[in-house]
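Worksheet for the structure shown next.
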Amino acid sequence: MTAAPTDPTYPAFPLFSFLGFVLVLIPLPWHFQAWNSGTCLFMIWVSISCLIGFVNSIIWGDSIADVAPIWCDISTRIMVAVPVAIPAASLCINRRLYNIARCQTVSTSKAEKRRAVLVDLAIGLGIPFLQMPLQFIVQGHRYNIIENVGCYPTTYNVVPAYPLSYLWPNLINLTSACYALLTLRAFLHRRAQFAQFLSPNTGLTPTRYFRLMALASLELLLNMPIATYGLYLTASRSPVERWVSWADTHADFYYIGQVPAIIWRSDRHAEVTVELSRWSSVICAFVFFGFFGFAAEARKHYKLAFWAVARRCGVRPPPDGAIRFPWSRASDAGAAKAVSLPTAMPLTPVKQRLDSLYDSRGGSRTDCESQVSFEKDGRGCEYIVPSPSPSSTAFSPPLYSHDIEAGAYVAYPSVPRADLDCERALPPLPRLPTNPPDRPRPATWHGLRTPTFSPSTSPSPAS
Numbered sequence: 001m002t003a004a005p006t007d008p009t010y011p012a013f014p015l016f017s018f019l020g021f022v023l024v025l026i027p028l029p030w031h032f033q034a035w036n037s038g039t040c041l042f043m044i045w046v047s048i049s050c051l052i053g054f055v056n057s058i059i060w061g062d063s064i065a066d067v068a069p070i071w072c073d074i075s076t077r078i079m080v081a082v083p084v085a086i087p088a089a090s091l092c093i094n095r096r097l098y099n100i101a102r103c104q105t106v107s108t109s110k111a112e113k114r115r116a117v118l119v120d121l122a123i124g125l126g127i128p129f130l131q132m133p134l135q136f137i138v139q140g141h142r143y144n145i146i147e148n149v150g151c152y153p154t155t156y157n158v159v160p161a162y163p164l165s166y167l168w169p170n171l172i173n174l175t176s177a178c179y180a181l182l183t184l185r186a187f188l189h190r191r192a193q194f195a196q197f198l199s200p201n202t203g204l205t206p207t208r209y210f211r212l213m214a215l216a217s218l219e220l221l222l223n224m225p226i227a228t229y230g231l232y233l234t235a236s237r238s239p240v241e242r243w244v245s246w247a248d249t250h251a252d253f254y255y256i257g258q259v260p261a262i263i264w265r266s267d268r269h270a271e272v273t274v275e276l277s278r279w280s281s282v283i284c285a286f287v288f289f290g291f292f293g294f295a296a297e298a299r300k301h302y303k304l305a306f307w308a309v310a311r312r313c314g315v316r317p318p319p320d321g322a323i324r325f326p327w328s329r330a331s332d333a334g335a336a337k338a339v340s341l342p343t344a345m346p347l348t349p350v351k352q353r354l355d356s357l358y359d360s361r362g363g364s365r366t367d368c369e370s371q372v373s374f375e376k377d378g379r380g381c382e383y384i385v386p387s388p389s390p391s392s393t394a395f396s397p398p399l400y401s402h403d404i405e406a407g408a409y410v411a412y413p414s415v416p417r418a419d420l421d422c423e424r425a426l427p428p429l430p431r432l433p434t435n436p437p438d439r440p441r442p443a444t445w446h447g448l449r450t451p452t453f454s455p456s457t458s459p460s461p462a463s
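This is the structure:
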């Protein structure tokens, strides 16, 4: 169905109202888990209002025909409650923020949480539901159908209509504004206690608390001028009739007014009032999503929802964060983790005579002397050990061991502590026999070259 050329808001309003209906409900699950009843009521009422606006703008985009009377009866009852329900939900939020800012004992047990939720429900649901029958007292006829807008409730402009219907949004907004000012005052006086009290005793974090405070303040700044301006137009632009009787007010009750767009848009004040009333819920939806749709808890739930859908498509969340699809090869998936193995290279042992390596002081540094050279090079040193000189007071017998890489018995000499260039000194070594005992040669390792000499054979001294 195409809209008439006289509708300047098509297709913007249907699109944004549907987006507002969806977006405002996204943070509902985790606010519901945190027992934030006022916030949940705000989301529900705003989403319902956006849904009604979307449906009405689609059905009556270019028509004033009464094609859905049951829908109009139900939707107009809800539209009567919405101008009261959204300020009432904001009042619940400001009231809870005030109690927290005063550092009172807020919802520390399940019984107290349940009691707080019941109070919020009495405000956020009880007052709007009470508004429906009260407005029916001054309802002149069934409803109006406004072209480009859809079904619209009607109220007979009599004196009782102001205390029964027109003044309720303003009174609730004023009460909510008082709570907001008291919250700010209490917070400024108790900032230190507030930081310690907030998280353990309530379902709020400091960040969420300030977002709620900003949301409630913006709701007041948005809805209070609209409600005040609508009240001013109602009282000034049409005569206020006196109440005669129930029968007089409800005479010809089943009449359905039909207003073409060319008529109501020709009145500038009427056009501003109607457009503000239906766009206000859409603006509230996007403001709420701007505060809570990009928070840390929202991003965490977006990630969980994404992987829940991805698992059904065969995509699994890997530990390293890389996304793998069913058609990707295992070799490609593990290519990033492939590590090259080290190659074992056999090293030829160094053969030296100890009597050629020690000077008259009883031992000097050699190429195989320091522990650092052993660990860095991975080389073993084979020594042909003579009897030490009696004057070698600093000499201690060497430690015999088997060099695994070289495949031979080697001797690692002990050297004077003062001559070490290492960071730590060698531990004291036990006295061992001059020559190593005979033992069978180990099995040759694959890829390692075993020397052809043995500990019992003395090769020629190094030159």
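Position one of the sequence shown corresponds to residue 1 (UniProt numbering), numbered consecutively onward.
The C-beta atom is built at its ideal place from N, Cα and C for all residues, glycine as well.
Just measuring C-alpha positions, the residue of Arg185, Val259 and Ile263 sitting nearest Asn99 is Arg185. Taken in chain order, the unbroken stretches of alpha helix (DSSP H) that lie wholly in the region 59 to 139 and span 4 residues or more are 69 to 101, 110 to 121 and 127 to 137. Using a Cβ distance threshold of 8 angstroms, Phe210 and Phe42 do not count as a contacting pair.
In the structure shown, Asn144 falls within a strand segment according to DSSP collapsed to helix, strand and coil. Cβ atoms of Asn148 and Asp7 come within 8 angstroms of each other, at about 4 angstroms. By the criterion of at least three beta-carbon pairs nearer than 8 angstroms, the region 24 to 31 is in contact with the region 295 to 304. DSSP, read as helix, strand or coil, puts Cys151 in strand. In this chain, the beta strand (DSSP E) harbouring Ile256 covers Ile256 to Val259.
Counting C-beta pairs with one atom in each stretch, the region 124 to 136 and the region 77 to 94 have three or more that are closer than 8 angstroms, which means they touch. Excluding residues up to 5 positions away in sequence, Thr76, Met79, Val80 and Tyr143 lie with their Cβ nearer than 7 angstroms to the Cβ of Pro153 in the same chain. Non-local C-beta neighbours of Thr183 in its own chain, meaning closer than 6 angstroms and more than five positions away in sequence, comprise Leu97, Tyr98 and Ala101, ordered along the chain. Out of His250, Ser176 and Ser245, the CA that lies nearest to the CA of Asn223 is found in Ser176.
In the displayed model, Val244 falls within coil according to three-state DSSP, outside both helix and strand. When the alpha-carbon of Ala214 is set against those of Arg190, Thr234, Leu181 and Asp73, the nearest one is in Leu181. Per DSSP, Val159 has no beta-bridge partner at all.
For Tyr179, the enclosing alpha helix (DSSP H) stretches over residues Trp168 to His189. Excluding its 5 nearest sequence neighbours in each direction, Phe16 has C-beta neighbours in its own chain below 6 angstroms: Val282, listed in chain order.
When DSSP states are grouped into helix, strand and coil, His301 belongs to the helix group. Taking each of Ala310, Thr234 and Gly140 in turn and checking the Cα distance to Ser245, the smallest one comes out for Gly140. The residues Leu23, Ile26 and Pro27, in chain order, have a CB closer than 8 angstroms to that of Gly293 in the same chain once the five nearest residues on each side in sequence are set aside. Shown here for Ile123: same chain residues with a beta carbon closer than 7 angstroms to its own, the five before and five after excluded, namely Ala88, Leu91 and Cys92 in chain order.
Linking Arg95 to Tyr179 through their CA atoms gives a straight-line distance of about 6 angstroms. The DSSP-derived three-state label of Val22 is helix. Of Arg312, Tyr255, Glu275 and Pro317, the smallest CA-CA separation from Thr155 is found for Tyr255. Where Trp35 is concerned, there is no enclosing alpha helix (DSSP H), because DSSP gives it neither an H nor an E.
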